[in-house]
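For the sequence shown, the working numbering assigns the number 13 to the initial residue and increments by one for each residue that follows. Just so it is clear, CB atoms sit at the ideal spot from N, CA and C, and this is done for glycine as well. Keep in mind the model is a prediction, meaning the values are calculated, not measured.
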Amino acid sequence: MIAFNMLAYSAVTPNGTYGIYGADSAYGQYYAYTTNNMQASPQETGSQYLVQAPQSPISNEDQETTILQNNQRASPATVNWLFDNYEIAEGSSLPRCQLYDHYRKHCEEHRMDPVNAASFGKLIRSVFQNLKTRRLGTRGNSKYHYYGIRMKENSVLHSLPIQSQQSQIHQQVYTPPMQQIPQRDAYADTVNQVAAQKYIGAEMIPRKRSHKERSSSSPSDRDSNSPSELPNQQVFLNQNTTAARVIPTQNPTVANAPTAPYSFTEEDKASMGTKGFEVPKFTQLHATLADIKFKNLNMEPGYLDMFVGDYTAMCMDTLELVKSVQFGSLEDTWKNFWSGSDNVDHEKLLQLCTLEQVQNWIVECDLVLYQTIVDCLIPHVLLSELSAGMTQSCRTFGKNIDHYLRKAMSSGKVCDSLIKKKLQALKYMQQGLKRYTSLNHLAHAARGVLMKPEQCLQMAQDYAKVDIEAVHQQAGWICGCDGALVRSINLAFQANLHGASPMERWAEWLESIVDQVLAKYQDHPAKDVENVGKQFLLNWSFYTSMIIRDLTLRSAMSFGSFTLIRLLADDYMYYLIESKIAKASNQQLITVIRQDKEWPFPKTQTSQEYIVPSKNDGKTNGVTP
């Protein structure tokens with residue numbers, strides 16, 4: 013009988029620790045080990061190694077899927093930030109809450125939305141795969157720590173203040189007994205690199221096994237796997253080693269590598285509008301010059317004219333940079349202006365910017381510029397076919413532009429009152445870009461549905477089963493709408509479905525409905541147009557929700573397509589009503605939706621204040637959907 017000796021292998025599983033037996037060295041010629049994708053056997057290297065893995069008995073397919081999903085969700089900027097500021101170090105630990113606070117500050121600086129603490133924990137474990145969680149500290153004051161990681165010595169995070177609730181030691185070092193310290197060497201690094209290449213090299217995500225298939229394998233079958241078949245379990249060779257080495261820093265995988273910036277194509281530039289910048293006139297310039305005491309400012313009245321010319325030129329340069337999709341150059345352009353324009357030096361520029369009349373004109377000029385930028389980037393919210401890269405670039409531009417403006421004006425030491433006003437005006441453009449890119453993306457998705465004749469036919473068949481009379485009976489009792497107009501809209505909708513009309517035809521149909529509803533209010537004050545438009549949106553939304561309810565109860569096959577078309581129609585109707593209100597009130601379209609103002613805008617001839625109906629206004633009767 014062949015004798016076996018217990019080697020120093022041990023494997024940690026959810027059910028406990030078990031030993032792995034190997035053949036005695038005397039029987040090596042009969043029982044030779046094979047090392048798949050290994051540099052050398054553990055007996056030959058004589059060192060400790062650690063291969064990290066999930067501590068639950070899940071299938072390899074599930075594990076590969078999880079790793080791929082985590083890598084795809086990880087932001088390249090965040091992964092690079094982790095590698096730039098942290099490193100793996102055995103025996104070191106960092107408070108978990110402190111690490112998350114640093115991550116949130118990083119997201120705030122880079123204008124990113126942070127994930128929650130649980131998702132961040134998954135992210136950092138996918139980047140540093142040897143982390144453990146331990147609760148360290150005195151009784152009653154202990155906190156969870158990431159064990160096996162430390163902050164790099166050259167990290168800028170050392171200068172950040174530590175929260176009061178984290179007033180404990182910045183990096184606590186806990187040294188467990190040496191026989192419990194798992195260490196790694198180049199052997200384990202090679203195994204991990206091979207495993208990473210296996211995951212990244214997969215052409216598609218493996219299909220998850222069903223619950224029935226996973227439960228069919230017994231625990232004994234899972235526990236009987238050899239160490240080579242369990243690459244992610246903690247398997248290490250004990251050794252009489254007294255020095256604890258620092259685990260080598262892992263290299264980021266290909267999935268976490270920073271993506272190349274989007275290269276704008278000629279099609280992207282051709283899809284942009286060609287609208288020019290119309291300089292708003294300085295309201296009552298002569299009266300303003302008379303009110304300003306230039307002698308007290310130690311300057312001549314001509315400096316104001318030069319400032320207006322320089323600021324107008326800066327706005328035109330900004331628009332040209334946007335048209336040429338050079339978003340990154342805006343910050344430098346603004347910095348150059350606020351550090352001192354061509355004709356007005358920095359000191360006199362700052363003095364002029366303290367005047368309320370000058371600030372009011374700057375805000376008015378900014379709103380015109382921002383509306384022009386939105387019109388150039390998205391000429392038509394429904395029909396402009398923006399590429400995915402262009403859409404994402406516009407969203408990123410809108411998200412970061414306030415950061416550029418704040419840095420440029422802070423470096424120029426501009427007064428806080430003007431900075432607040434300009435940032436408030438900029439919020440209107442950010443809001444407009446976010447909403448209009450979302451609407452354009454929704455139109456792109458709906459266009460794919462409407463271009464399929466079989467899908468339109470199925471929608472027409474499902475819609476024919478809807479009891480429109482019952483819908484009008486219920487909704488009309490609440491809204492009091494014109495039955496003839498409701499039936500006309502219903503017939504036109506069915507005709508568009510049967511004819512598989514293109515997106516342009518759908519846009520014209522929706523615009524004709526709004527024109528028909530507001531036709532008799534063209535010569536009315538802007539407040540009347542606004543009240544009628546708001547009531548129409550409420551009626552439209554109620555009718556469409558009743559139709560979607562009927563389709564839901566009938567389990568219509570094209571329910572998803574109807575929901576998509578309904579979302580598109582609702583948002584576009586909202587946009588059309590905004591346009592009518594902006595035209596009636598002679599204001600910029602992006603300023604129609606009121607936002608919480610930290611600083612009231614000046615009341616000029618083209619007032620940017622949102623029209624808010626008073627509580628005494630009566631309801632408008634006869635409003636139709």
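What are the boundary residues of the alpha helix (DSSP H) that residue i is part of?
{"i": "Tyr586", "result": "571 to 597"}
{"i": "Leu106", "result": "It is not in any alpha helix (DSSP H) - Leu106 instead sits in the beta strand (DSSP E) that spans 98 to 107."}
{"i": "Lys425", "result": "Unbroken run through Lys425: none, as it is neither H nor E."}
{"i": "Leu331", "result": "314 to 335"}
{"i": "Arg385", "result": "As written in the sequence, residue 385 is Ile, which differs from the Arg given in the question. Per DSSP, Ile385 belongs to the alpha helix (DSSP H) from 368 to 389."}
{"i": "Thr345", "result": "342 to 350"}
{"i": "Asp2", "result": "Lying outside 13 to 637, the shown extent of the chain, residue 2 is not represented and no answer is given."}
{"i": "Phe132", "result": "129 to 139"}
{"i": "His358", "result": "358 to 365"}
Would you report the Cα separation of residue i and residue j, rounded to the nearest angstrom?
{"i": "Phe349", "j": "Val498", "result": "56 Å"}
{"i": "Val337", "j": "Asn92", "result": "26 Å"}
{"i": "Asn142", "j": "Ile100", "result": "8 Å"}
{"i": "Met50", "j": "Gly160", "result": "With a pLDDT of 43 at Met50, under the threshold of 50, the predicted position of this residue should be treated as unreliable, though the coordinate-derived value follows. Roughly 25 Å separates the two Cα atoms."}
{"i": "Gly468", "j": "Ser167", "result": "For clarity, residue 468 is Cys in the given sequence; the question names Gly instead. Going from the Cα of Cys468 to the Cα of Ser167 covers about 58 Å."}
{"i": "Glu481", "j": "Asp562", "result": "12 Å"}
{"i": "Val604", "j": "Tyr586", "result": "11 Å"}
{"i": "Arg123", "j": "Thr330", "result": "21 Å"}
{"i": "Tyr112", "j": "Phe140", "result": "15 Å"}
{"i": "Tyr61", "j": "Arg151", "result": "Low per-residue confidence applies at Tyr61: pLDDT is 35, beneath 50, and the placement is therefore not dependable enough to give any value."}
{"i": "Leu333", "j": "Thr90", "result": "29 Å"}
{"i": "Glu102", "j": "Phe132", "result": "21 Å"}
{"i": "Met441", "j": "Val386", "result": "7 Å"}
{"i": "Gly340", "j": "Arg578", "result": "37 Å"}
{"i": "His358", "j": "Met421", "result": "12 Å"}
{"i": "Phe505", "j": "Ser450", "result": "24 Å"}
{"i": "His415", "j": "Glu590", "result": "28 Å"}
{"i": "Pro465", "j": "Gly285", "result": "32 Å"}
{"i": "Phe95", "j": "Glu516", "result": "49 Å"}
Just to confirm, is the Cβ distance from residue i to residue j under 8 Å?
{"i": "His389", "j": "Leu445", "result": "Rather than His, the amino acid found at residue 389 in this sequence is Leu. The answer is yes: Cβ separation under 8 Å."}
{"i": "Asn412", "j": "Cys493", "result": "no"}
{"i": "Val375", "j": "Lys281", "result": "no"}
{"i": "Met163", "j": "Leu169", "result": "yes"}
{"i": "Trp518", "j": "Leu417", "result": "no"}
{"i": "Ser283", "j": "Glu121", "result": "no"}
{"i": "Tyr584", "j": "Leu522", "result": "yes"}
{"i": "Lys419", "j": "Leu362", "result": "no"}
{"i": "Arg116", "j": "Pro126", "result": "yes"}
{"i": "Leu530", "j": "Lys592", "result": "yes"}
{"i": "Val541", "j": "Ala596", "result": "yes"}
{"i": "Ala512", "j": "Leu462", "result": "yes"}
{"i": "Asn355", "j": "Met311", "result": "no"}
{"i": "His453", "j": "Thr403", "result": "yes"}
{"i": "Ser87", "j": "Leu148", "result": "no"}
Going by DSSP in three states, residue i sits in which element: helix, strand or coil?
{"i": "Ala437", "result": "helix"}
{"i": "Leu148", "result": "strand"}
{"i": "Thr556", "result": "helix"}
{"i": "Ala512", "result": "coil"}
{"i": "Val498", "result": "helix"}
{"i": "Asn83", "result": "The pLDDT assigned to Asn83 is 42, lower than 50, so where the model puts this residue is not dependable; a value taken from the coordinates is nonetheless given after this. Looking at Asn83 - three-state DSSP - the assignment turns out to be helix."}
{"i": "His1", "result": "With the chain covering 13 to 637 only, the question about residue 1 has no answer from this structure."}
{"i": "Ala568", "result": "coil"}
{"i": "Met284", "result": "coil"}
{"i": "Val529", "result": "helix"}
{"i": "Tyr403", "result": "The question names Tyr, but residue 403 is Thr in the sequence shown. Correct three-state label for Thr403: helix."}
{"i": "Arg123", "result": "coil"}
{"i": "Leu249", "result": "Because Leu249 sits at a pLDDT of 36, beneath the cut-off of 50, its placement in the model cannot be relied upon, and the following sentence gives the value as read from the coordinates. Correct three-state label for Leu249: strand."}
{"i": "Asn310", "result": "coil"}
{"i": "Lys432", "result": "helix"}
{"i": "Pro194", "result": "Its pLDDT being 42, under 50, Pro194 is placed unreliably in this model, and the coordinates cannot settle the point."}
{"i": "Pro66", "result": "Confidence in Pro66 is poor, its pLDDT being 41 and thus under 50, which makes the residue's placement too unreliable to answer from."}
{"i": "Ser600", "result": "Note that residue 600 corresponds to Gln in the displayed sequence, not to Ser. If DSSP states are grouped into helix, strand and coil, Gln600 belongs with coil."}
{"i": "Gly444", "result": "helix"}
{"i": "His392", "result": "coil"}
If I follow the unbroken beta strand (DSSP E) through residue i, where does it start and stop?
{"i": "Tyr156", "result": "155 to 163"}
Check the Cβ-Cβ distances between residue i and every residue of chain D, and say whether any is below 8 Å.
{"i": "Ser597", "result": "This model lacks chain D altogether, as it is built from one protein chain only."}
Report task. Check whether the segment 373 to 380 touches the segment 456 to 463, taking contact to mean three or more Cβ pairs, one atom from each stretch, closer than 8 Å. Result -> no
Query raised in the report: How about the segment 538 to 554 and the segment 471 to 491: do they share at least three Cβ pairs that are nearer than 8 Å?
Result: yes
Query raised in the report: Is there contact here, the segment 569 to 579 with the segment 470 to 479, by at least three beta-carbon pairs under 8 Å?
Result: yes
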